[in-house]
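Following: one structure in structure tokens, then a few remarks.
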Amino acid sequence: MATLTITISRVRTLRIGLGQLAPRLGLVEENLAAHAAAIDEARDSAVDLLVFPELGLTGYLLQDLNAEVAMRADDPRLLSLAALAASMSVVVGFVEESVDHQLYIAAALLEDGRVAHVYRKSYLPNYGLFDERRFFGTGAQLRAVDSRLGVRLGICICEDFWHLPVPYLLALDGAQILINIASSPGRDVAAVVEGGLGSADSWRTLMRGYAQLTTCHIVFVNRVGVDESLTFSGGSQVIDPSGRVVFEAPLLDEGLFVAEIDTDDIRRERVALPLLRDERPEFVLRQLERLMQERAGVATDQE
Amino acid sequence: MTRSPTAVAPYTLPDELLIDTSIARQIISEFLSAHLRQSGFDRLVLALSGGIDSALVAYLAAEAIGPDKLLCVLMPYRTSSPASQADAEEVVHRLGCQSQLIDITPIVDGYLEGSVDGDEVSAGRRGNFAARARMAVLYDRSVPWAGLVVGTGNKTEALLGYTTIFGDNAAALMPIGDLYKSQVRQLAADMGVPEPILHKPPTADLWPDQTDERELGMKYADMDRLLYWMIDRRRSRDQLLAKGFEDAAIERVQGLVAASEFKRQMPPVAKLTTRTPGVDYLYPRRRPGSRAGR
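Sequence order for the protein chains is A and B.
Just so you know, the first sequence maps onto residues 1373 to 1675 in our numbering.
Just so you know, the second sequence maps onto residues 25 to 318 in our numbering.
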């Protein structure tokens, strides 16, 4: 019997779909329909990787709706989106209910008709306008995941990117594309802000830095629309491993936006700038162990 | 960003308070449209006094949903300035929105002159009653209009408590409640609110010749700067003094802010059971099933 011959011409150009949607608060069926429509549209645009925002299936400011919109990672509704995605890789944001009924802000990677990976948000903001820790559990695992696209993905959620270890660990774990899905409320309209919105400007600055430091592509998808007092700012973007902004979606406007990246950029950048090669995780670990012992009062401060 | 013509305006816009008016307009527009969509309404109604706050909200609402979906209700009292009414009518004329004129004198005087036995009614008490009469009329007018009541309060007056609780601060939505008066002025100028409205001294118009700045004892520009550094930028008293603010002004503004905390919150519910609205029963107002059934 002839062996099946698989020709893998390694994909160099990836078409990235940014599903900058305006989820309806608590209306899961409507949000599923909006995701399904965007998947159809993305397929027509030959998108390889389609990314939706944080809590795109539920809306953000859920409060006590959290349990009402939660779904298990094997929920048929997620699987039906996965089936619809077919040959596309799709990242979708939802409230995950674990076996022991903890609720998490989660991202699922849908590939080949199944849920290939679930990530639970690891840094929940509880300050200023945020109150996430009251309503959600904190994720305990962060790992990069191989995608059917031939690249390794580092998936994280919104506030995760305001903590240095997240891009660092994902890059060390071999991620080539860092994906951050967000529900970032627009704020700070001071005239001195570049680009009109302080919160969006901060995102842009830190993501360009991460791309340069990790020599990864970055795909950032932020929702739009309004939950109560909050208007989410959109401004989704794709950044290349040199920190150059490849594409930036408009602020506040809903839409499916498509950008192309060249995955050869990763190799070129890493050959020219071998920052990852020179990372010293064992050094970092030693310092962390020392710091933790000192914090716990086990060891004293020493040279 | 468009800067307003500060050279001709009889007020100054403090540099640190200047906003990007384009993004602010977009956000407010989105905020108004989304709340209408989510609540199952498509119209707004507001009380138009002829002052800058309500004029700006009328312009913002007309921009967001179209003037045909906006109803402006003019509710003068017998002591209200005729110039205010003329300014309000000019806004209605320029926007091309619908309006109604309802004289609240019979409501206010009918109660205060007829049923308050022997008490001397102070100007403040009369003013508060007038504000609540306007609220009652506005909410009633919202029914045949089938619209949401949009509030016109700004951040300066909310922080200083320069509002009538359940009067002018009663609304379904507050689109300019996070803008200081100076920012209201900047945005109003940017949107083309008529100059007489931009340039006249702000007044609650609760009695003749009342002006906000005389009553509050400070210029809006100074109050706004002080509130901004105190609240938005979290500066301590010593740091505010070092920035050149006067001790007496700091003392007075801090006092007004603290004393009016109750006006910015829902009333406390006495907790008795295991789940109490507003305490540990917490739902967004726009949730499944919350949409008006029409």
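Yeah, the Cβ is synthetic: ideal placement off N, Cα and C, and Gly gets one too.
Note that the coordinates shown come from a computational prediction; the quantities given were computed from them, not determined experimentally.
- Between the alpha carbons of proline 1653 of chain A and methionine 1664 of chain A lies a distance of about 16 Å.
- Contact annotation for phenylalanine 55 of chain B against chain A: Val1598, Thr1603 [CB-CB distance below 7 Å, chain order].
- Under the Cβ criterion of 8 Å, glutamine 50 of chain B is counted among the residues facing chain A.
- Not one beta carbon of chain B lies nearer than 8 Å to the beta carbon of leucine 1501 of chain A.
- Comparing C-alpha distances from arginine 1576 of chain A to each of A/Leu1434, A/Arg1639, A/Asp1612 shows the shortest one belongs to A/Asp1612.
- Within the same chain, and ignoring the five residues on either side of glycine 201 of chain B in sequence, the residues whose Cβ sits closer than 8 Å to its Cβ are Gly175, Gly177, Asn178, Lys179, Ala182.
- Secondary structure at methionine 1443 of chain A: strand, using DSSP grouped into helix, strand and coil.
- Within the region 1451-1467 of chain A, not one residue has a Cβ closer than 9 Å to any Cβ of chain B.
- Chain-ordered, the chain B residues with CB closer than 7 Å to the CB of glycine 1398 of chain A read Arg311, Pro312.
- As summarised for the region 1442-1517 of chain A, the continuous alpha helix (DSSP H) elements at least 4 residues long and confined to that stretch are 1448-1457, 1504-1507, given in chain order.
- Inter-residue distance for leucine 1399 of chain A and alanine 1406 of chain A is about 11 Å (C-alpha atoms, whole angstroms).
- Residues Val173, Val174, Gly175 of the same chain have their beta carbon placed closer than 7 Å to that of alanine 195 of chain B, with the five preceding and five following residues left out of the count.
- For the pair of segments examined, the region 1589-1605 of chain A was found to touch the region 1543-1558 of chain A: the number of CB pairs separated by less than 8 Å reaches three.
- Sequence-distant Cβ neighbours of aspartate 248 of chain B in its own chain, meaning closer than 8 Å and more than five residues away, are Pro38, Leu41, Thr180, Tyr204, Lys205, Ser206, Gln207.
- Taking C-beta atoms as the reference points, methionine 159 of chain B and glycine 134 of chain B fail to come closer than 8 Å.
- The beta carbon of tyrosine 83 of chain B lies closer than 8 Å to those of Val115, Leu119, Ala212, Met215, Gly216, Val217 in the same chain, with the five residues before and after it left out.
- In the DSSP assignment, alanine 212 of chain B falls within the alpha helix (DSSP H) that extends over 205-215.
- Interface criterion not met: the Cβ of histidine 223 of chain B is under 8 Å from no Cβ in chain A.
- Using a CB distance cut-off of 8 Å, alanine 58 of chain B counts as an interface residue toward chain A.
- Counted as a single uninterrupted DSSP element, the stretch harbouring serine 1519 of chain A is not any beta strand (DSSP E), since DSSP gives it neither H nor E.
- Aspartate 1650 of chain A sits in coil when the DSSP states are folded into three classes, being neither helix nor strand.
- In the three-state DSSP reduction, glutamate 1661 of chain A falls in the helix class (H, G or I).
- Annotation for alanine 245 of chain B: Tyr35, Thr36, Leu37, Pro38, Ser206 place their beta carbon closer than 8 Å to its own, counting only its chain and skipping 5 residues before and after.
- Residues of the region 1513-1529 of chain A with a C-beta atom less than 7 Å from some C-beta of chain B do not occur.
- Nearest neighbour of serine 1601 of chain A by Cα position, chosen from B/Leu265, B/Ala33, B/Ser53, turns out to be B/Ser53.
- Per DSSP, phenylalanine 153 of chain B is not a residue of any beta strand (DSSP E); the alpha helix (DSSP H) it occupies stretches across 147-169.
- Taking 7 Å as the cut-off between beta carbons, the residues of the region 1535-1563 of chain A near chain B are Gly1558, Val1561, Ala1562, Ala1563, in sequence order.
- Under the DSSP assignment, threonine 1385 of chain A falls in the beta strand (DSSP E) whose first and last residues are 1385-1392.
- With a contact defined as Cβ atoms closer than 8 Å, leucine 1481 of chain A and leucine 1514 of chain A miss out at about 14 Å.
- Annotation: serine 1452 of chain A to arginine 311 of chain B spans about 25 Å, alpha carbon to alpha carbon.
- The Cβ atoms of valine 1596 of chain A and valine 1610 of chain A do not sit closer than 8 Å to each other.
- Taking the CA atoms as reference points, aspartate 229 of chain B sits about 9 Å from tyrosine 101 of chain B.
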